[in-house]
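Input: a single structure, listed below in structure tokens.
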Ligand code: OOG
Ligand code: NI
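The following block contains the structure:
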């Protein structure tokens, strides 16, 4: 990076903090949730010195209190490709393709996030970004009207666009420009209570799918949630009602385990917020809309394709036995079924590793650094020359995401669409291809083994 430019990681960290401050202001329950998460994280760490020590040793402790993800839903290919360019200036690239149509939500998505280890440690802010699929809406006239409304709106400020172009031209931004970019980009995610449609069109969009109304009716893609990361999601879930927050009934993802895998998430329901629709003769007409909510997550080890296949199989098996009811009436039955079905997934780090189910980062122990003898990987682990840590899953899960979408769309909104993943079209609209998350984790693991190998020369053992 040329002299005088602010590191992309620092721009992202400033952006994440600015978004959090804005959301705290706009949705006070988010602030309450952050305080609760901080309290539980502190308790968890003091009760588990070994966890604290590993997080410290792997240099991942400081990122956790600052860690969060957000989500937005965009309306057009132009919006998506500009969003990619904006996030690129902050060191965030599109990772993964998520098809939500099969789960009854007319969008497909990616996650913009940092990928380098040092960047993740500095600040792992990520944004789950969805693109509306008007092609899945049956009513052709409505589809055209929605497209016309979307084509006319501008979700980025002129200042944001200028600064992104400048960063692309010069390879970075100096401090004043970087600070200005953060302020300009935050504008895109702000809540607007004045709709850009009248109530009649809002109703029709809403009847097609609530998500369509949410994307099309407003001037910008308001951030719809921000999610802090907790070290004990069960405890936060349990304490939410005491703080006046009602969580959704079921924690999405795997059950409670000794060795956390992938991602567990829960949310509180979207707020019903006052908005005004375009009325007659320049007047505004009062109404309401619900879109914004809060969510927490707990992250575990990234799974290999083999591990992910097992996870998907066990989750489908659970859901075939008990489908979680939206009103939470069968939550105990669902959770106990989930727990018993997941007994088939090993719950010991070394077993998970040896079975090739998860990705791990290998490092030399103190003893390994000074070892005079050579050994292969497994022997070196047995002899305490090499240790391994789970690589954190930095991405999302489509079934969980669908559950989060649904719980905030009102549960009557469940709808069937023909499953139609279209990654090629998504990437064309994005203007780039998405990174393959599995290949990426595999590479981190491989590089960590190679670094050990360079020191104790395993190959010539
Ligand atoms: C995104 C829902 C997905 C997650 O954490 O899985 C998501 C949305 O509602 O726009 O954020
Ligand atoms: Ni989320």
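Numbering (our numbering), first residue to last: 145 to 605. Think of the CB as a built atom: it goes at the ideal place given N, C-alpha and C, for glycine as much as any other residue.
Judged by the Cβ position, residue 509 fails to qualify as a neighbour of the ligand NI at the 6 Å threshold, every heavy atom of the ligand being at least this far. In the structure shown, the three-state DSSP call for residue 493 is helix. Residue 336 sits in coil when the DSSP states are folded into three classes, being neither helix nor strand.
Considered as a whole, the segment 256–282 harbours 270–276 as its complete beta strand (DSSP E) runs of no fewer than 3 residues, in chain order. The alpha carbon of residue 579 has as its nearest neighbour, out of 536, 214, 195, 258, the alpha carbon of 258.
Residue 409 is positioned such that its CB atom lies no closer than 7 Å to that of residue 421.
If you draw a 10 Å sphere on the C-beta of residue 195, you find fewer than 16 other C-beta atoms in it, and that means exposed. Assignment of residue 371 by DSSP, reduced to helix, strand and coil, places it in the strand class. Shortest gap from the CB of residue 301 to any heavy atom of the ligand NI: 6 Å or more.
Assigned with DSSP and collapsed to three states, residue 417 falls in strand. When C-alpha distances from residue 237 are compared across 548, 539, 545, 182, the shortest belongs to 539. Residue 478: member of the alpha helix (DSSP H) spanning 475–485, first to last residue. Taking non-hydrogen atoms of the ligand OOG into account, the C-beta of residue 530 is found less than 6 Å away from none of them. Rounded to the nearest whole angstrom, the CA to CA distance from residue 466 to residue 546 is 17 Å.
At the C-beta level, residue 235 and residue 271 stay beyond 7 Å of one another.
The three-state secondary structure of residue 439, taken from DSSP, is strand.
The beta carbon of residue 189 sits closer than 6 Å to the beta carbons of 196 from its chain, once the five residues preceding and following it are set aside; these are given in chain order.
Selection around the ligand NI by beta-carbon proximity, strictly under 6 Å to any non-hydrogen atom, yields 213, 215, 272, 369, 371, 439, 548 in chain order. Comparing alpha-carbon positions, the option among 487, 379, 207 lying closest to residue 262 turns out to be 207. Taking 6 Å as the cut-off, one finds no heavy atom of the ligand OOG near enough to the beta carbon of residue 357.
Assignment of residue 508 by DSSP, reduced to helix, strand and coil, places it in the strand class. The C-beta distance from residue 329 to residue 159 rounds to 6 Å, short enough to meet the 8 Å contact threshold. Rounded to whole angstroms, the separation of the alpha carbons of residue 335 and residue 289 is 23 Å. Counting along the chain, no beta strand (DSSP E) covers residue 246, and no H or E run does either.
The three-state reading of DSSP puts residue 518 in coil, since its state is none of H, G, I, E or B.
Counting every other CB atom within 10 Å of its CB across the protein chains shown gives residue 356 a total of 16 or more, marking it as buried.
Rounded to whole angstroms, the Cβ separation of residue 229 and residue 157 is 19 Å, and the two are not in contact under 8 Å.
Using a 10 angstroms sphere on the CB of residue 494, the tally of other CB atoms stays under 16, which defines it as exposed. By the neighbour-count definition (other C-beta atoms within 10 Å, threshold 16), residue 530 is a buried residue. The C-alpha of residue 220 is placed about 34 Å away from the C-alpha of residue 463. If you draw a straight line from the Cα of residue 360 to the Cα of residue 293, it comes to about 7 Å. A direct Cα-to-Cα measurement between residue 521 and residue 435 gives close to 50 Å.
The three-state secondary structure of residue 412, taken from DSSP, is strand.
About 16 Å separates the CB atoms of residue 592 and residue 537; that is not less than 8 Å, and the two are not in contact. Following the DSSP letters along the chain, one finds residue 308 inside the alpha helix (DSSP H) bounded by residues 302–314. Contact between the segment 362–379 and the segment 166–183 is present: 3 or more CB-CB pairs across the two stretches fall below 8 Å.
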